[in-house]
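Residues 22 to 208 in this note's numbering are what the sequence shown lists, from first letter to last. Here is the structure we will look at, set down as structure tokens.
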Amino acid sequence: LLADENFEAKKMATRVLQLTSRKDTLAASANELLGKIASQDGQVNDALIYFKKALRIRQRSLPENHPSIGNALRKVGIAQNQLGRNAKAFKNLQDALHIHQMAYGENHAATAATMGAIANIYSTRGEQDFAIELLQKSIGIFKISGEEKQNTVVNQYFRLGNAYLEKGSYDLGLLNMQRGLTILEEL
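Rendered as structure tokens:
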């Protein structure tokens, strides 16, 4: 979202919170939007607070293996990882992956996105082999599900390229970055 759009979205989300119960699923969606805006503005601590609020609401109102809880756990995990809280992030992302696999199966975009987030933690830890394996699997799922032409896949190709570069496999690193660039040019 652009700055003006962020401002308008933030106003709407705040208004939703004023009009609904703080325990309502609409409040969870409003908190997720506020978290997304805060994250885009570089306020990851604030984003994490909003994402945790949304997660708590969803956990109180939905069955424990509901896909919306998986999505909320992924958002919390990504924010935690950005703040360097890798152990907590890893646990939340593993839980999210389990929920997505149970709800959607192996070949779904939500499963692939969560795998990509876990791969990012492996890469941060210097465990490039695990990162590469998950990123390849994730990209393959996006291809199977017909959702290969999106920014998430572009980012995963770039991360896959970086993981190969970290291992010293420059040809594979550049090849995957080129794949990401090709998709980006088509968007």
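Note that CB positions come from ideal geometry on N, CA and C, so glycine has one too.
Along the chain, which unbroken stretches of the alpha helix (DSSP H) at least 4 residues long are found entirely within the region 107-172? 107-125, 130-145 and 149-165
May I ask you to verify whether the region 140-155 touches the region 123-132, counting CB pairs closer than 8 Å and requiring at least 3? no
Inspect the beta-carbon positions of I162 and T203 and report whether they are closer than 8 Å. The residue you call residue 162 lines up with position 141 of the sequence shown. The residue you call residue 203 lines up with position 182 of the sequence shown. The Cβ atoms of I162 and T203 do not sit closer than 8 Å to each other.
Just checking, does the region 54-66 make contact with the region 31-39 on the three C-beta pairs under 8 Å criterion? yes
Cβ distance (whole Å) where R180 is taken to contact L156 below 8 Å: Reading the sequence shown from its first residue, position 159 is the one you call residue 180. Reading the sequence shown from its first residue, position 135 is the one you call residue 156. Sure, about 6 Å apart at Cβ, within 8 Å.
Starting from L202, trace the alpha helix (DSSP H) both ways and give me its first and last residue. Position 181 of the sequence shown holds residue 202. Unbroken alpha helix (DSSP H) run through L202: Y191 to E207.
Are K96 and E53 closer than 8 Å when you measure CB to CB? One-based indexing of the sequence shown puts residue 96 at position 75. One-based indexing of the sequence shown puts residue 53 at position 32. Their beta carbons are under 8 Å apart, which means K96 touches E53 by this criterion.
Whose CA, out of S89, D45 and Q101, lies closest to the CA of T145? Indexing the sequence shown from 1 puts residue 145 at position 124. If we check each option's Cα against that of T145, Q101 comes out closest.
Measure the beta-carbon distance from A184 to A134 and round it to whole angstroms, keeping in mind my assumption that it falls under 8 Å. As a position in the sequence shown, residue 184 is number 163, starting the count at 1. As a position in the sequence shown, residue 134 is number 113, starting the count at 1. So it is not a contact: roughly 17 Å between Cβ atoms.
Would you please state the rounded distance, in angstroms, between the beta carbons of N66 and L104? I believe it to be under 8 Å. Numbered from 1 along the sequence shown, position 45 holds the residue referred to as residue 66. Numbered from 1 along the sequence shown, position 83 holds the residue referred to as residue 104. Going by Cβ atoms, the distance from N66 to L104 rounds to 7 Å, so yes, they are a contact pair.
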